[in-house]
Amino acid sequence: MPSPTPAPTCRRCGRCCRLGGPALHAADLPLIHQGRLTPAQLVTLRRGEGVTDNVAGTVGPSPAELVKVRPVAGGRACLLYRDPPACAIHDAGPLECRALFCDDPAALAALYAADRLTRADLIEPGSALAELCAHHEAETDLARLAGLCRLAAAGDQAAREQVAALARFDAAMRELLPARLGLDPDTLPFYLGRPLAEALPALRAAVIPGGLYKRRP
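The numbering of the sequence shown is our numbering, which starts it at 54 and goes up by one.
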């Protein structure tokens, strides 16, 4: 009688880690509560922000907010990835990391869109921080801002002024939260998402004609 085929086992090669950090799910809440993952290690990808869906193989605006482990500065690899291949919290990794097997991603595909965490799950409801984050989200709604950017890039001066004002508002909020609430600036990508010019690259072209392109000398 042939021996049963062994279950797929992670080789800890680091391939998936180099493609980016995992999104977080309800099952990952204990990692937050225990301090295994901290706000400074997370980033919020907002509704309407351009994202790469590694499971579906698509690139486009995110239909909903999600929170994930942030990438290393200037790169794509997960912040918790170590080279030679290793994970700083492998034995207590997030749900997606435990489910993913590079050669057979079916288990991850079955769960990756379910029960995703958002900032509302992680910030105390009714707190000053929650109210400020909600105010920032409403004022800088990315779907609305993308429409303004298209108008501005087409020459609409009023739209360009609105986009510039929202960019200033975003920058001011990133100064306000550390000053008023004592937040570590490294936590702002979680609390406010990425700066608008990073979350929506079209903003640069809207505010500065040709801003998406470098001028040749």
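A virtual CB, placed ideally from N, CA and C, is assigned to each residue, including glycine.
| Check | Outcome |
| --- | --- |
| Cβ shell of Pro138 (< 7 Å), same chain only, five flanking positions each side left out | Arg65, Cys66 and Gly67 |
| Contacts around Leu148, its chain only, beta-carbon distance under 6 Å, and the 5 residues preceding and following it disregarded | His78, Ala80 and Asp81 |
| Close beta carbons around Ala220, own chain, < 8 Å, minus the five adjacent residues each side | Leu249, Ala250, Leu256 and Val260 |
| Assigned secondary structure, Asp194 (DSSP; H/G/I helix, E/B strand, else coil) | coil |
| Pro231: first and last residue of the uninterrupted alpha helix (DSSP H) it sits in | Gln210 to Leu234 |
| Arg233 to Phe154 span [Cα, whole Å] | 44 Å |
| Contact under 8 Å by Cβ, Pro83 with Cys150 | no |
| Assigned secondary structure, Arg169 (DSSP; H/G/I helix, E/B strand, else coil) | strand |
| The beta strand (DSSP E) enclosing Leu82, as first and last residue numbers | Not the beta strand (DSSP E): Leu82 falls in the alpha helix (DSSP H), residues Leu82 to His86. |
| Integer-rounded CB distance, given that Ala162 should sit under 8 Å from Val108 | 5 Å |
| Leu256: first and last residue of the uninterrupted beta strand (DSSP E) it sits in | No beta strand (DSSP E) holds Leu256; the alpha helix (DSSP H) holding it covers Ala255 to Val260. |
| Own chain, CB closer than 7 Å to Ala252, minus 5 neighbours either side, in chain order | Arg99, Glu102, Leu195 and Gly246 |
| Leu164: first and last residue of the uninterrupted alpha helix (DSSP H) it sits in | Ala159 to Leu164 |
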